[in-house]
Structures are given as C-alpha cells and as structure tokens.
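Residue 27 in full-length UniProt numbering sits at position 27 of the sequence shown, and the numbers go up by one each step.
Virtual Cβ for every residue (Gly too), placed ideally from N, Cα, C.
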Amino acid sequence: MPEVTINSLKALATFKTLFEVGSASGTARLLGMTQSGVSRSLAQLEENLGIQLFLREKNRLLATPEARELYDEILRLMGNIEELRHSVLALKEFGTSRLRIAAIPGLCFGFVPQVVAALLAENSRISISLDMMSSHDVQTAVESSHADIGFITLPATSPQLLTEALLTTEAVALVPEKLALAKQNVVEVSDLRGQHLVISNQPSVSTNPLLELVAEHGVKIAGKTEANIGTISALVANEVGVTVINPITAKDQLSYYDRVKVLPFIPALTFGFGIVYRPEWHASKVLASLKRKSKETLMNY
C-alpha cells in the first residue's frame with residue numbers, strides 16, 4: 001500500500017479538482033498553480049498509486065474507471081472529515097458528540113421528540129438516537145451503557161443510577177363523546193361500572209393501577225381491551241371503550257378531530273416521570289441542557 005504523506009494528500013486534492021474541472025489549465029487557475037505543476041502532481045500521484053487515472057487524447061484528459069472510484073473514495077473521506085469536525089465541535093460544547101436516549105412509550109409520542117428537537121435547535125452538531133422501551137428496560141439500557149440518559153416512570157428501581165424527578169401528574173379519563181358519561185364534569189371509579197375499559201398491556205392485574213382500583217371498589221366492568229399504549233387513545237376515539245391515562249400521553253396522542261372528552265378522574269391515580277443516568281454523567285453539559293429543555297417543554301402541558 002503506498003505511503004500517505006502530506007504531499008500525497010495535496011496531490012489527492014489536486015486530483016479531485018482536476019477530475020471535476022476536466023482540464024489541467026482550469027485546475028491550475030482554480031488552485032493558483034501552474035499548469036505544469038498540475039501535470040507534475042498528477043504524474044506523481046499515478047506513480048505513487050501505481051494506476052493510470054487519465055487518458056491523454058488530443059490535449060484532453062479522459063478519466064479512467066479507476067479515477068472515478070478514487071474520486072468517490074475522496075468524497076467519502078471528505079464526508080468523514082466533516083463529520084469528525086462536527087464531532088469535535090460538539091465535544092467542546094457538550095462534552096460528547098452523541099447522545100443515546102431511551103424513553104418509555106408514554107413519553108415517546110410527543111414529549112421526548114419535542115425535547116430532542118429543542119436540544120438540536122440549540123446545537124445541531126450533536127448526534128442523537130432515541131429508543132422506546134419499558135421503564136425497566138430503559139434502566140437496564142442506561143446501566144449497561146447502551147443508553148446514556150433514560151426517561152422512566154417513577155419510582156426508579158435501579159440502585160446504580162441517579163434519578164431526577166421531572167413531574168408528578170394525575171390521570172385523566174378519556175371518554176368517547178357519544179357516551180352519556182362524557183356529559184359529566186368528572187369521572188369517578190364507580191362510573192366505570194358496566195363500561196368497557198381500554199388498558200395498556202400488562203403481565204398481571206396487580207401491575208395495572210386502574211384494574212386494581214376497579215377491583216378494590218368492587219366495580220364490575222363490561223370487559224377490557226388490552227393494547228400497546230400507543231394505540232389506546234385511538235381505540236377510545238374509535239369508541240372501543242373508556243380509558244384512564246396520564247395527561248401527557250393523552251395530549252400527545254389525541255388530535256383535534258378525535259371526538260373524545262378528557263375529564264378529571266377520582267380517586268386520583270398518580271403518575272411520576274423522571275430522568276435516570278449513570279453517576280459519571282452528573283456534571284455533563286448535555287445532561288444539563290436536556291433537563292432544561294425538558295422543563296421548558298413541560299410548560300406546554
């Protein structure tokens with residue numbers, strides 16, 4: 001493999017311009033070189049690489065297939081160098097050039113994407129990835145360094161991570177407008193008697209606070225539909241049933257055209273959300289920025 005030197009890098013830059021311009025004279029004018037200097041640089045590059053890059057026909061230079069491939073490689077190299085430049089700038093500003101976020105589904109339909117957008121608006125040089133998973137899996141991903149920062153449902157269960165609360169909020173009831181229940185000012189647990197409930201997928205009754213509450217008050221429901229949390233609001237909008245859900249997810253999922261009433265629910269079902277991260281991220285500039293943007297975004301809710 002030919003040795004790469006400063007001179008060979010200069011020769012590659014000259015070749016790139018020559019390939020684009022198509023003539024030694026035009027290349028010389030653009031680069032402030034003599035035409036003989038361009039020809040000499042090309043000859044040295046061809047000798048160094050051991051391949052012919054141009055065919056010389058009647059004072060014209062015709063690029064060979066090898067020249068096209070070399071040109072494509074130079075463009076890829078330039079792209080990598082530009083990406084490296086952005087990474088260095090991000091390192092200087094944020095202390096990292098990339099941020100891997102894991103978040104629970106309930107916050108992934110609007111809230112976290114808004115936070116990501118606000119973070120990138122402040123500095124587009126940082127590279128961000130976002131994965132959606134359960135609260136337990138978020139903590140596991142952050143613990144194992146597969147994610148840097150996680151948005152979870154509180155309380156946190158990992159003793160290895162630092163946790164900061166974002167907010168605590170009370171659940172609301174989503175009721176199709178056609179139901180008589182939608183005419184009320186508030187929905188009580190007793191009002192769920194005879195209603196079909198739409199609930200999130202859970203491994204057991206004991207882990208679903210709504211079903212637990214219904215059972216505790218002896219309320220007999222008509223039935224239930226279990227679904228991914230991303231489809232619950234849509235199921236209510238399509239009159240499948242009634243749900244009780246955290247207001248952030250409800251706001252993110254409901255559209256202006258959904259004929260669904262959002263009503264207070266009693267007794268209160270409390271939801272808490274927070275951020276988890278490893279101890280070494282405590283003083284991170286990007287973490288501080290993300291927390292600030294999260295709090296600013298919450299003002300819209």
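Handout entry: Where Phe151 sits in the DSSP three-state scheme
Key = strand
Handout entry: Segment contact flag, the stretch 123-130 with the stretch 258-268, C-beta cutoff 8 Å, min 3 pairs
Key = no
Practice task
Given a cut-off of 7 Å, decide if Ala171 and Val244 are closer than it, judged by their beta-carbon atoms.
Solution key: yes
Handout entry: Where the beta strand (DSSP E) through Val198 begins and ends
Key = His196 to Ser200
Problem - Cut-off 6 Å between Cβ atoms - residues of its own chain near Lys16, not counting five sequence neighbours on either side - result: Ile74
Problem - the ligand SAM heavy atom lying under 6 Å from the CB of Ile126 - result: Looking at this structure, you won't find the ligand SAM or any other ligand, since it has none at all.
Exercise for the section: Could you tell me the distance, in whole angstroms, from the CA atom of Leu298 to the CA atom of Phe271? Expected result: 14 Å
Exercise for the section: Note down the Cα distance separating Pro209 from Gly218, rounded to an integer number of angstroms. Expected result: 14 Å
Practice task
Determine which residues share a DSSP beta bridge with Tyr277 and list them.
Solution key: Ile149 and Leu162
Problem - Limits of the unbroken beta strand (DSSP E) element including Arg60 - result: Arg60 to Ala63
Practice task
Using only alpha-carbon positions, find the residue among Pro65, Ser233 and Ala141 that is nearest to Gln160.
Solution key: Ala141
Problem - Buried/exposed call for Tyr277, threshold 16 Cβ in 10 Å - result: buried
Practice task
Could you pull out every residue in the same chain whose Cβ sits closer than 6 Å to the Cβ of Leu22, ignoring the five residues on either side in sequence?
Solution key: The sequence as given places Gly at residue 22; Leu does not occur at that position. No residues qualify anywhere along the chain.
Handout entry: Segments assigned alpha helix (DSSP H), at least 4 residues, entirely inside the stretch 214-263
Key = 229-237 and 247-253
Practice task
Confirm, please, whether the CB-CB distance from Gln253 to Ser233 is below 7 Å.
Solution key: yes
Practice task
Write down the C-beta distance between Ala67 and Phe54 rounded to the nearest angstrom, noting that I regard them as a contact closer than 8 Å.
Solution key: 6 Å
Practice task
Note down, in chain order, each residue of its chain lying with its Cβ closer than 6 Å to the Cβ of Thr163, except the 5 sequence neighbours on either side.
Solution key: Ala156, Gly274 and Val276
Exercise for the section: Quick one: give me the first and last residue of the alpha helix (DSSP H) that Asp137 is part of. Expected result: Ser135 to Glu143
Problem - Unbroken stretches of the alpha helix (DSSP H), 4 residues or longer, contained in the UniProt domain "HTH lysR-type" (7-64) - result: 24-31 and 35-49
Problem - Reduced DSSP secondary structure (H/G/I, E/B, other) of Pro209 - result: helix
Exercise for the section: Measure the C-alpha to C-alpha separation of Ser204 and Leu211 and round it to an integer number of angstroms. Expected result: Because the pLDDT at Ser204 is just 43, under 50, the model does not fix this residue reliably, and the value given afterwards should be weighed accordingly. If I take the Cα positions, the gap works out to 10 Å.
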